[in-house]
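Taking it in order: structure first as C-alpha cells, then the write-up.
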DNA sequence: TATGATGAGTACGGTAACGTTTCGATGGAG
DNA sequence: CTCCATCGAAACGTTACCGTACTCATCATA
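Chains as they are written, first to last, in our numbering: chain A, 168 to 356; chain B, 168 to 356.
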C-alpha cells in the first residue's frame, strides 16, 4: 500500500489498538485479554475501544483477522521442492514469530464462541491455499497421481508441524519436513 | 493418605473438586477457571480448595492429570489393524468426550506456565505409548521396515486427527483413518 | 461415647475489570 | 482559520474474584 496516504485520525487509533490487542494476547493469553489491558497497552481510552468494538470478542476477531498473511507461492517446477519451500516457511512461522502463541489462545476461544470458530475455520482455509495451489499445479503437470486428494494431502503434510508445536510441545527437528514429504508425497523407491 | 476401602473424608471432597474443576474448564474455558467457580460447582468451600491446592494452577494440574487414561493396546497380529483400532478409538475420544475442549484450554495455559507445559509434555508422551508399543511389536515381527522411526511414524499417524479437530475445526471424515494409514504405513499396492 | 480432623457456609477488605459518562485537547476538512 | 468529529484521561457505580478467617456441623476412630 502507498504508505504516504494520510492515515485518518480514526484509522490511526484503530490500528494501534489492534496491534496492542495482539501484544496482550501474545503475552497474557486469553485470560489477560481484557478491554482495559488492551487500552492501557495501546495508550488509548477505553471509550475509544468501545466506540469501535462492542465486546472483547469482536475486538479479538478483528485483531486475529489482521494477522493473516499468506505464504508466497513458490514455483520451482517440481512439486517436491515447492512443497519443501512452503513447509519450511511455515516452520519458520511456527518457531520464530508470535503466530503460534496467538493461535493457541485463539483455538481455545474458538471452542466456545461460534463467531470466533467461523473466523478460525476461514483463516485455516486461507492458510492452506498456497499448498493447495502447488498441489493442483503439480497434478496438472502430471507430477502427482490424480487419485490423491489434495485436501487430504494438505492435512497430512501440515498436521505434523502443528502437532509438534502445539501438542508435543517440542522443537521441530530439521529433518521432519523432509521425512513428512518422503512419507506423504509417495516418492517410493 | 489413609486406607483403601473406605473413601476417607478428605479424599471424597478432593475427588469432587477435581471433577468440578474439569466441568468448569470444559464449560467456560481457562477464562472461567477460578477458585470460586470451581468451589461453587463442587458444592465445596473455598477454604477446602485452598487447603488442598495453593493456586488455581496447581488445581488445574491435578485435574488434568486425573483425566488421563491410556487407550487399551490391541493385538490382532497385524500392524495395520492394530493401528486402525488405536486411531479409531482416538477419534471417538476426540469426537464424543470432553477431552478436546479440555486440551484446547490446557494448550493455551501451557504456552505460558512452565509447570503446565511439563505436565502437557508428559501427558502427550503417555498418550503416545500404546501406538509406540504396537509399532515396536510390528518391527520385532518384521512387519515394519527398520528404517522407519517409530516416533516419527507416531507423529504422522496421530497428527492429522488432532489437526482436523483443533485447527481445521471440522468433523473427522470416516475414511481419514484409513487414508492416513495407507499413506504412512507404506502398504503400497 | 468422646475427641480430633475435616468440610460447608459465611463474611471480610482488597483488587481488577466491567461499561458508561463527562470533559478538555487536537487534528483534519472545508 | 474555523469547526467539529474524534481522541485521551479520568471518574463513576457495579460486579467478580482474590485469599484469609471464623463458626458450626459432621464424620472417623480410639
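Every residue, glycine too, gets a C-beta built ideally from N, C-alpha and C. Quick caveat, the model's predicted, so the values are computed rather than measured.
Per-residue DSSP class, three states only, for residue i
| i | result |
| --- | --- |
| residue 244 of chain B | coil |
| residue 252 of chain A | helix |
| residue 324 of chain B | helix |
| residue 339 of chain A | coil |
| residue 197 of chain B | helix |
| residue 353 of chain B | coil |
| residue 190 of chain B | helix |
| residue 348 of chain B | helix |
| residue 235 of chain B | coil |
| residue 316 of chain B | coil |
| residue 332 of chain A | helix |
| residue 279 of chain A | coil |
| residue 173 of chain B | Low confidence applies to residue 173 of chain B: its pLDDT is 43, below 50, so where it sits in the model is not reliable, and the reading given next is rough at best. The answer is coil: DSSP assigns residue 173 of chain B none of H, G, I, E or B. |
| residue 210 of chain A | coil |
| residue 291 of chain A | helix |
| residue 267 of chain B | helix |
| residue 259 of chain B | helix |
| residue 215 of chain A | helix |
Nonlocal neighbours in the same chain, by C-beta distance under 6 Å from residue i, ignoring five residues either side
| i | result |
| --- | --- |
| residue 178 of chain B | none |
| residue 323 of chain B | 351 |
| residue 310 of chain B | 246 |
| residue 256 of chain A | 238 |
Contacting residues, own chain, Cβ-Cβ under 8 Å from residue i (five flanking each side not counted)
| i | result |
| --- | --- |
| residue 277 of chain A | 283, 284, 286, 287 |
| residue 332 of chain B | 261, 262, 267, 339 |
| residue 280 of chain B | 224 |
Whole-angstrom C-beta distance between residue j and residue i, which should lie under 8 Å
| i | j | result |
| --- | --- | --- |
| residue 243 of chain A | residue 189 of chain A | Not really, about 33 Å apart at Cβ, beyond 8 Å. |
| residue 161 of chain A | residue 184 of chain A | Not covered by the structure: residue 161 of chain A. The range shown for chain A is 168 to 356. |
Proximal residues to residue i (C-beta, below 7 Å), its chain only, five neighbours per side dropped
| i | result |
| --- | --- |
| residue 251 of chain B | 344, 348 |
| residue 208 of chain A | 187, 190, 191 |
| residue 299 of chain B | 317, 321 |
| residue 196 of chain A | 272 |
Contact test: residue i Cβ vs the ligand HEM heavy atom, cutoff 7 Å
| i | result |
| --- | --- |
| residue 213 of chain A | The ligand HEM is absent from the structure shown, which contains no ligand whatsoever. |
Sufficient close CB pairs (3 or more, under 8 Å) joining the region 216-223 of chain B to the region 270-285 of chain B: no
Cβ pair count under 8 Å reaching 3, the region 282-297 of chain B against the region 237-256 of chain B: yes
Three or more beta-carbon pairs under 8 Å between the region 193-202 of chain A and the region 222-230 of chain A, yes or no? yes
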